[in-house]
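Which chain is which? The protein sequence lines are A and B, in order. Heads up, the first sequence stops at 302 in numbering that gives the first Met the number 0, and the numbers go up one at a time, no gaps. Heads up, the second sequence stops at 302 in numbering that gives the first Met the number 0, and the numbers go up one at a time, no gaps. We put the beta carbon where it would ideally sit given N, CA and C, even for glycine. This report concerns only the one structure given below.
Number of protein chains: 2
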Amino acid sequence: MSQRRVKAEPSESKAEAEAVARENGPLAIIAGGGTLPATLADAAAARGRAVHILGIRGEADTKISRFPHTWLKWGEVGKLFATLEGLGCRDLVIIGSVSRPDLANVRFDFGAIRNLPFLLSLGVGGDDQLLSSVVRFLEGKGYRVYGAGEVAPELLAAEGTLGDKAPTPDDRADIETGFRVVSALGRLDIGQSAVVVKGRVLAVEAAEGTDAMIARCAELRKGARRRGLAGVLVKAPKPGQEERVDLPTIGPDTVEMAAQAGLAGIAVAAGRVLIADRAATLAAANTHGLFLFGQKLARDQNA
Amino acid sequence: MSQRRVKAEPSESKAEAEAVARENGPLAIIAGGGTLPATLADAAAARGRAVHILGIRGEADTKISRFPHTWLKWGEVGKLFATLEGLGCRDLVIIGSVSRPDLANVRFDFGAIRNLPFLLSLGVGGDDQLLSSVVRFLEGKGYRVYGAGEVAPELLAAEGTLGDKAPTPDDRADIETGFRVVSALGRLDIGQSAVVVKGRVLAVEAAEGTDAMIARCAELRKGARRRGLAGVLVKAPKPGQEERVDLPTIGPDTVEMAAQAGLAGIAVAAGRVLIADRAATLAAANTHGLFLFGQKLARDQNA
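The structure is reproduced here in structure tokens:
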């Protein structure tokens, strides 16, 4: 592809002007599930940036269709690049939840086959390696990959008490333990979250995801809720994680599930965890009497 | 209690002789669930050692009644010590699975109330701290607490390939990763086991226990089995764990569940993990084509 050019001179030909226009093309949002892709698109549009959403079929919400969009299936790597090229997109954001596709049922297009050595390299290792590989692959093709927080910082958790309730000193002790656990897990590329109740690590997230982990805690703590809320869900990115993609996320459902599990609150790494549907998330926390807390972490502390 | 005495002199009084006989009393086996308490009692009896099983009601198998036994409920701390004293037991083994009792429903006896400060100290921290506290408490009262492996080393996993099948080089790589994960977890007093499939940590055990963790893997890997067995369940004690009590255990059910999850095998820390019902465990592994492997670990490596 052409060299990057900042602006077109009046003397340039129509073809050259078009080339530059292509470089300033819409922000491409590769969208998985949840409300974040649309929230991000709104945030970008509010800043005057045109967007085009590439929705992953079976993952992205059909509501993305209120924006300019294209649907892609897993395996349509050729279609992805053709779409980006056709729109003149150079800037990408990858956002939203995805399930690991069952590769046996994915139909790869010709563009995928051309990139087969890369795709085969994805089969080994943890999520973090996989996502870093995807980002390096896209950058190698000349795309710029941005984090959602770079486009719209207001989507990230702020520092300190975020809702009505503040963590107690006991909660703070559980929060500290939780970040220590998540940090140790993250160094092994395992998971991003853990639940700590009164100093005891109740659950640790690996491949099952945060929601399944909290549901397990609700099961383990049956009957414990009547003795009062206690414990905390801690969530933070892994050390060295590709934070432009797959930033840890919480939302109203996370709060509902934490309340079901009898937890006193949720603590996240400030500035490094996305809050999907901020208003609904804070409202849920306030309704259930849970704290929501953004903990400032040194970057080498992880988490 | 009296000082320890090795043997009675002929000149001693009947009361003194009885005191010495009490010191050489039966081995007391405080029994939780599963087949291990009875297996251990058989192993001790085969060595000519009299045993008395103290079965925890609701935990221990009723089959322990073929041995001299006493039933205890959670909270009957006074009855425990009265029984040990009455039998002249100074040597204890604590073995078998227990569920964490719901303290709100435990009825404490007078002996428990006398030891209340100790019992209250158990409420905080991980399983490991709790069990170490129990052992120190018993030792403080003059009892000797033995590990099941000290009484019957044949109950521990040996080194190397234990069944018909040996791990492949790919399996060995997953085994190495698994022990690294379990070691890191153990240092945080979290859990004793993890599942690694092709370099990826699929699940990590915390409070839910090994069985629930493997069941989760079976759920996560639905449909993966037809593509062939892969991955390993790794189990090892935590670094600094009180290995006389609560040694990690596998048995036939563990193998059945690992097979359900499509795993290629199970690796345990050689000499530091108990195998309940060894014959049935090996038979299950051979039937399902799973490897069973005892990995020699440096003690400071954990795990």
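Flagged as an interface residue toward chain B: Val203 of chain A, by a C-beta distance shorter than 8 Å. Out of B:Cys88, B:Ala43, B:Glu138, B:Thr38, the CA that lies nearest to the CA of Gly24 of chain B is found in B:Cys88.
In the DSSP assignment, Val181 of chain A falls within the alpha helix (DSSP H) that extends over 168 to 186. Excluding sequence positions up to five before and after Arg215 of chain A, its CB lies within less than 6 Å of the CB of Ala202, all in the same chain and listed in chain order. Contact check for Leu281 of chain A against Leu289 of chain A fails: the beta carbons are separated by 8 Å or more. Of the residues assessed, Val144 of chain B falls on the buried side of the cut-off, its CB having 16 or more other CB atoms within 10 angstroms. Among the residues facing chain A, Ile189 of chain B is included, as its CB has a counterpart in that chain under 8 Å away. Asn285 of chain B and Glu207 of chain B have their C-alpha atoms roughly 27 Å apart.
In this structure, Val272 of chain A keeps its C-beta atom at 8 Å or more from the C-beta atom of Leu232 of chain A. Each residue's CA atom was taken as its position, placing Thr61 of chain A and Pro168 of chain A some 44 Å apart.
Any Cβ of chain A closer than 8 Å to the Cβ of Val180 of chain B would place that residue at the interface, and such an atom is present. Taking a C-beta cut-off of 9 Å against chain A, none of the residues of the region 42 to 60 of chain B qualify. For Ala235 of chain B, there are no C-beta contacts with chain A under 8 Å, since the nearest C-beta of that chain is about 15 Å from it. In chain order, Gly31, Glu58 place their CB closer than 6 Å to the CB of Val97 of chain A, counting only its own chain and leaving out the 5 sequence neighbours on each side. Any Cβ of chain A closer than 8 Å to the Cβ of Leu262 of chain B would place that residue at the interface, and such an atom is absent.
In this structure, DSSP gives Val254 of chain A a helical state, which the three-state scheme calls helix. Around the beta-carbon of Ile29 of chain A, 16 or more other beta-carbon atoms lie within 10 Å, marking it buried.
Spanning the alpha carbons of Ala172 of chain A and Glu158 of chain A requires a straight line of approximately 17 Å.
Apart from sequence neighbours up to five positions away, the residues of its chain that approach Phe117 of chain B with a beta-carbon distance below 8 Å are Ser132, Phe136, ordered along the chain. Taking a beta-carbon distance threshold of 8 Å, Val244 of chain A does not count as an interface residue toward chain B. At the C-beta level, Leu296 of chain B and Phe178 of chain B come within 8 Å of one another. Per the DSSP secondary-structure output, Gly159 of chain A pairs in a beta bridge with A:Gly293. Here DSSP, grouped into helix, strand and coil, assigns Ser192 of chain A to strand.
Inter-residue distance for Gly148 of chain B and Leu155 of chain B is about 6 Å (C-alpha atoms, whole angstroms). Val50 of chain A and Ala40 of chain A have their C-alpha atoms spaced approximately 6 Å apart. At a cut-off of 8 Å between beta carbons, Arg171 of chain B makes no contact with chain A.
Residue-level contact check: Arg143 of chain B does not touch chain A, since none of the beta carbons of chain A fall below 8 Å from its beta carbon. Under the 10 Å beta carbon count, Ala257 of chain B is surrounded by 16 or more other beta carbons and is classified as buried. Beta-bridge pairing by DSSP links Tyr145 of chain B to B:Val92. Against chain B, the CB of Glu175 of chain A has no partner CB under 8 Å away; the residue lies outside that interface. Segment contact: the region 181 to 192 of chain A against the region 233 to 241 of chain A, three or more CB-CB distances shorter than 8 Å; contact assigned. DSSP lists B:Leu26 as the bridge partner or partners of Val50 of chain B. Taking 7 Å as the cut-off between beta carbons, the residues of the region 191 to 221 of chain B near chain A are Lys197, Gly198, Arg199, Val200, Leu201, Ala202, Val203, Ala205, Ala206, Glu207, Arg215, Leu219, in sequence order. Across the structure, Phe80 of chain B and Ala278 of chain A are spaced so that their CA atoms are roughly 58 Å apart. Residues Leu281, Ala284, Asn285, Leu289, Phe290, Leu291 of the same chain have their beta carbon placed closer than 8 Å to that of Gly162 of chain A, with the five preceding and five following residues left out of the count. Listed as beta-bridge partners of Arg215 of chain A by DSSP are no residues whatsoever.
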